[in-house]
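Engineer: Numbering (my numbering), first residue to last: 14 to 469. Glycine is no exception: its CB is placed at the ideal position from the N, C-alpha and C atoms. Owing to the predicted nature of the structure, the values given are computational and were not obtained by experimental measurement. The structure follows.
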């Protein structure tokens, strides 16, 4: 008699059926409008549920620790339940009419995320506008926010991954391009309600900001509602643009950032890339997915599966300040930092001498298209994907056209992209960890940028 385990094993051993033809994805009805205030609005109709998703990205770089403290406190106080202001007219703070609204501070922006019932969109827009244009802050509310920010900064300061991301941002774009979030705690004591209100109205402006609305809406009506509710949110003078990574990414130099007592190291390598609108992006997208963009990628298999050397091993194209960077990163034990970095650099070099095979390209293509279609299956993930793409200087129609562009990429084009973008000597980066790993790092033999240790 065949046991259940044998029957299941035989069933699992069968080959999977071939997938059917992929349905064409048509981008739903939308409007893309820039108001006189400089606010760009992209409204998309997806009537799968009587809800609307809101994503607002306000670009801002805090280039001094004092500005970083102001930015952290502003993000903490927006929509907080224990402050005065327009939110009191709507009952609760972060939970508004069967929805939710909140703010988070990034290294190059302040992002507001909200959702709610479609028939309450006007009230939700009024709430957000009131927070941005007329915050009413008491000393007690600022003091409570100060304690929260200081506690958060203490956690961030001990996180190698956070420290690495912040250090890479400054290393690639220059010391004046932003400060680490963990540095804000030293300067929150000097912030008053008045100084915070003045900074918010001057720094968080409409010019250059992007609002995404996705849901059961009529795009024209939604844009008209925004124009009416947010008429008081006027732009100040536009900020100076960030320098391009193509000009500032250093072709040599891997900077070590000491974090005494850290139990693991975080390695981040970066090189200039291209934006999603570039004709070269589809081939780079496939090459990156084969290298480190999926769990079955080369980097993951080398560092995690074969050698067990890393907790995290991945790569991707990111856009700090709207500038594209190809980033590869890994998290590992302190005593394995040098060998992990060496294997990362050798995998980069292998992309040139052993480019992704046709099978790897097909698998990467299927993964990319499937991930995108999955992201479009709900209003929330659709809104987040669209907001990220707009921040990367892509157009809304890019989503519908990208699958076909991926289909058109040949293995030869992927090989060319691998040779062009993955050369180890193109990369710079940072290593954050305990100084105990420095001797091994200095002696490691590997391709790629040399180690910079001055000041350590």
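Check each candidate in 422, 459, 45 and name the one with the smallest Cα separation from residue 233.
Structural biologist: Minimum Cα distance to residue 233 is reached at 45.
Engineer: Contact between the region 62–71 and the region 406–418: three or more CB pairs below 8 Å?
Structural biologist: Contact between the region 62–71 and the region 406–418 is absent, because fewer than three Cβ pairs lie under 8 Å.
Engineer: For residue 434, count neighbouring Cβ atoms within 10 angstroms of its own Cβ and tell me buried if that reaches 16, exposed if not.
Structural biologist: Its Cβ being crowded by 16 or more others within 10 Å, residue 434 is buried.
Engineer: Where does residue 181 fall in DSSP's three states?
Structural biologist: Of the three classes helix, strand and coil, the one that applies to residue 181 here is helix, per DSSP.
Engineer: Could you give the DSSP three-state label for residue 276: helix, strand or coil?
Structural biologist: Three-state result, residue 276: coil.
Engineer: Specify, as a first and last residue, the run of the alpha helix (DSSP H) that residue 383 falls within.
Structural biologist: Start and end: 371–388.
Engineer: Taking C-beta to C-beta, are residue 93 and residue 84 nearer than 7 Å?
Structural biologist: Not in contact: residue 93 and residue 84 (Cβ atoms no closer than 7 Å).
Engineer: Does the Cβ-Cβ distance between residue 440 and residue 282 come in under 7 Å?
Structural biologist: A contact, by the Cβ cut-off of 7 Å.
Engineer: Taking only the alpha-carbon atoms, compute the straight-line gap between residue 301 and residue 166 and give it to the nearest angstrom.
Structural biologist: Approximately 33 Å, taken between the alpha carbons.
Engineer: Using a Cβ-Cβ cutoff of less than 6 Å, which residues in the same chain neighbour residue 175 once the five nearest sequence positions on both sides are dropped?
Structural biologist: Counting only Cβ-Cβ distances below 6 Å, and skipping sequence neighbours, we find 169.
Engineer: For residue 239, tell me which candidate among 150, 137, 398, 153 has the shortest Cα-Cα distance.
Structural biologist: For residue 239, the nearest C-alpha among the options comes from 137.
Engineer: Buried or exposed for residue 357, please, with buried defined as at least 16 other CB atoms from any protein chain shown within 10 angstroms of its CB.
Structural biologist: Buried: at least 16 other Cβ atoms inside 10 Å.
Engineer: Shortest alpha-carbon distance to residue 145 belongs to which of 113, 158, 453, 247?
Structural biologist: Closest option to residue 145, Cα to Cα, is 247.
Engineer: What's the C-alpha gap between residue 329 and residue 341?
Structural biologist: About 7 Å.
Engineer: I need the DSSP call for residue 473, collapsed to helix, strand or coil.
Structural biologist: For residue 473 there is no data in the structure shown, the boundaries of the chain being 14 and 469.
Engineer: Is it the case that the Cβ atoms of residue 184 and residue 445 are separated by a distance below 7 Å?
Structural biologist: The answer is no: Cβ separation not under 7 Å.
Engineer: Any chance you could list the alpha helix (DSSP H) runs of at least 4 consecutive residues sitting entirely within the region 200–244, in chain order?
Structural biologist: The region 200–244 contains these whole alpha helix (DSSP H) runs: 206–216, 232–242.
Engineer: Which residue marks the beginning of the alpha helix (DSSP H) containing residue 296, and which one marks its end?
Structural biologist: Where residue 296 is concerned, the enclosing alpha helix (DSSP H) stretches over 294–301.
Engineer: By Cβ distance below 6 Å, which residues in the same chain neighbour residue 295 in space, the five residues on each side in sequence not counted?
Structural biologist: 418, 419, 422.
Engineer: In angstroms with no decimal places, state the Cα-to-Cα distance between residue 270 and residue 231.
Structural biologist: When rounded, the distance between both Cα atoms is 50 Å.
Engineer: Count the C-beta pairs between the region 337–351 and the region 273–282 that are closer than 8 Å, then say yes if the count reaches three, no if not.
Structural biologist: Touching, per the Cβ criterion.
Engineer: Counting only the same chain and skipping the five closest in sequence on each side, list residues whose C-beta sits under 6 Å from that of residue 360.
Structural biologist: Only 311, 312, 315 meet the Cβ criterion.
Engineer: Can you give the beta carbon distance from residue 71 to residue 217, rounded, assuming they're within the 8 Å contact cut?
Structural biologist: Confirmed, about 5 Å.
Engineer: Would you report the Cα separation of residue 317 and residue 154, rounded to the nearest angstrom?
Structural biologist: Between residue 317 and residue 154, the C-alpha separation is close to 46 Å.
Engineer: What are the start and end residues of the alpha helix (DSSP H) that includes residue 150?
Structural biologist: Segment: none, residue 150 is in no alpha helix (DSSP H) and carries neither H nor E.
Engineer: Tell me where the alpha helix (DSSP H) around residue 357 begins and ends.
Structural biologist: Taken as a continuous stretch (DSSP letters only), the alpha helix (DSSP H) holding residue 357 covers 350–366.
Engineer: With 16 as the cutoff for other CB atoms within 10 Å, does residue 57 come out buried or exposed?
Structural biologist: With 16 or more other Cβ atoms within 10 Å, it is buried.
Engineer: Classify residue 125: buried if its beta carbon has 16 or more other beta carbons within 10 angstroms, exposed otherwise.
Structural biologist: Buried, by the Cβ-count rule.
Engineer: Thinking residue 354 and residue 459 are a contact (beta carbons under 8 Å), I'd like their distance in whole angstroms, please.
Structural biologist: Going by Cβ atoms, the distance from residue 354 to residue 459 rounds to 7 Å, so yes, they are a contact pair.
Engineer: Answer yes or no: do residue 324 and residue 344 have a C-beta to C-beta separation smaller than 7 Å?
Structural biologist: Yes, they are a contact pair.
Engineer: I'd like the list of long-range same chain contacts for residue 287, defined as Cβ closer than 7 Å, with 5 residues on each side in sequence excluded.
Structural biologist: Excluding positions up to five away in sequence, the list reads 293, 294, 297, 337.
Engineer: Can you give the beta carbon distance from residue 69 to residue 128, rounded, assuming they're within the 8 Å contact cut?
Structural biologist: Going by Cβ atoms, the distance from residue 69 to residue 128 rounds to 12 Å, so no, they are not a contact pair.
Engineer: Check residue 313 in the structure and name its three-state DSSP category.
Structural biologist: Helix.
Engineer: Around the C-beta of residue 101, are 16 or more other C-beta atoms found within 10 angstroms, so that it is buried, or is it exposed?
Structural biologist: Unreliable placement is indicated for residue 101, whose pLDDT of 44 sits below 50; the coordinate value is still reported in the next sentence. When all chains shown are included, residue 101 counts as exposed.
Engineer: Nearest by alpha-carbon distance to residue 291: which of 415, 198, 379 is it?
Structural biologist: Nearest option by C-alpha distance: 415.
Engineer: CB-CB under 7 Å to residue 163, same chain, minus the five flanking residues each way: which ones, in chain order?
Structural biologist: Within the same chain, residue 163 has close Cβ partners 198, 201.
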